[in-house]
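Notes follow once the structure below has been shown.
As structure tokens, this is what we get:
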């Protein structure tokens with residue numbers, strides 16, 4: 373069973389590392405990445421080593 377996950381704060385250092393770890397895990401599917409900065413950019417524009425992720429940073433709303 374694959375679990376779909378979202379990462380809030382993905383444009384920060386810890387969030388970027390979490391995205392990297394989730395992308396490499398066979399039982400997780402990264403569904404959404406959110407941030408307060410860099411909204412509208414691809415996660416790969418913020419972290420070039422994550423260009424294969426192909427997700428756009430959405431605004432974090434709570």
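In the numbering used here, the protein residues as written are 373 to 434.
Quick reminder that beta carbons are idealized off the backbone N, C-alpha and C, glycines included.
Remember, predicted model here, so these are calculated numbers, not experimental data.
In the DSSP output, which residue or residues are listed as bridge partners for residue i?
i: residue 428; result: 414
i: residue 402; result: 377
What residue range does the alpha helix (DSSP H) around residue i cover?
i: residue 391; result: 385-395
Exposed or buried, residue i, counting other C-beta atoms within 10 Å across all chains shown (16 or more means buried)?
i: residue 406; result: buried
i: residue 385; result: exposed
i: residue 422; result: buried
Hey, residue i and residue j are a contact pair by Cβ (cut 8 Å); roughly how many whole angstroms apart?
i: residue 425; j: residue 395; result: 6 Å
i: residue 432; j: residue 380; result: 5 Å
i: residue 427; j: residue 412; result: Residue 427 to residue 412, Cβ: 12 Å. No contact.
Residue range of the beta strand (DSSP E) that residue i falls in?
i: residue 375; result: 375-380
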